[in-house]
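Below is one structure, written out as structure tokens; the observations come after it.
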Amino acid sequence: MAAPILYVSFPGTAREALEFYADVFGGDVHFNTYAEFSRTDGQSDAIAHGVLSGGPVLLFGSDAAGDEPSVHIEGVLLSLLGTAQPDVLHRWFGQLADGGVVIDPLAPKPWGASDGQVVDRYGLRWLIGYEPQA
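To convert, note that position 24 of the sequence shown is 25 in the numbering used here; the numbers rise steadily by one, no gaps.
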């Protein structure tokens, strides 16, 4: 593994969330249920391990069991600065904003770059932007 990978414990929405991110970013999702992992600390169809891979974003997730905490992130941004062409970044920003909260619109900033921040419907905060094209 070349870099840390975000692993999110969702409050019973892991399947829905990872499928949403696959719709936004592309890639494939794979799920294993609690039953498949012989877990008895949650509903048998809950997600014990899910993976979004094969696209520009690699993300792991599961449904939090019983008294395990679910996603609540403060002071962390998932940065997608310069990871795609501007039109793609704007599309991603719009899709993540659907049902979420725009903190700072994706727009040109005084320092010359364009960026913005959005908290998506599942509670992840994204920083998306790019440098001006030459």
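Backbone N, C-alpha and C fix where the C-beta goes; we use that ideal spot for every residue, glycine too.
CA nearest to the CA of residue i, picked from the options
i: Glu-69; options: Ala-4, Asp-121, Leu-82, Phe-11; result: Phe-11
i: Val-25; options: Leu-78, Gly-76, Arg-92, Ala-47; result: Arg-92
i: Pro-109; options: Ile-48, Gln-134, Gln-96; result: Gln-134
i: Trp-112; options: Glu-132, Thr-84, Val-9; result: Glu-132
i: Leu-78; options: Trp-127, Gly-27, Val-89, Gly-43; result: Trp-127
i: Phe-21; options: Phe-38, Gly-95, Ser-115, Asp-42; result: Gly-95
i: His-31; options: Val-72, Leu-53, Ile-74, Thr-41; result: Leu-53
i: Leu-125; options: Ala-114, Leu-97, Ser-115; result: Leu-97
i: Asp-88; options: Asn-33, Ser-71, Ser-115; result: Ser-115
Same chain, Cβ closer than 6 angstroms to residue i, five either side skipped, listed in chain order
i: Ala-36; result: Ser-45
i: Leu-82; result: Gly-130
i: Tyr-8; result: Phe-61
i: Val-103; result: Val-119
i: Gly-13; result: Asp-64
DSSP beta-bridge partners of residue i
i: Asp-105; result: Gln-118
i: Asp-29; result: Ser-54
i: Phe-11; result: Asp-64
i: Ser-45; result: Per DSSP, none; premise fails for Ser-45.
Residues of its chain near residue i, where Cβ-Cβ distance is below 7 angstroms and the 5 sequence neighbours each way are ignored
i: Asp-105; result: Gly-117, Gln-118
i: Gly-101; result: Val-119, Val-120, Asp-121, Arg-122
i: Ala-15; result: Ile-48, Gly-51, Gly-62, Ser-63, Asp-64
Residue i (DSSP reduced to helix, strand or coil)
i: Phe-61; result: strand
i: Gly-95; result: helix
i: Ala-23; result: helix
i: Val-72; result: coil
i: Leu-90; result: helix
i: Arg-40; result: coil
The ligand GDP heavy atom lying under 7 angstroms from the CB of residue i
i: Ala-85; result: Summarising the ligand content, the structure contains no ligands, and the ligand GDP is consequently not present.
Cut-off 8 angstroms between Cβ atoms - residues of its own chain near residue i, not counting five sequence neighbours on either side
i: Ile-6; result: Leu-59, Leu-60, Phe-61
i: Leu-90; result: Leu-81, Thr-84, Leu-107, Ile-129, Gly-130, Tyr-131
i: Asp-99; result: Arg-122
Beta-carbon separation (whole angstroms), residue i vs residue j, contact threshold 8 angstroms
i: Gly-43; j: Ala-66; result: 4 angstroms
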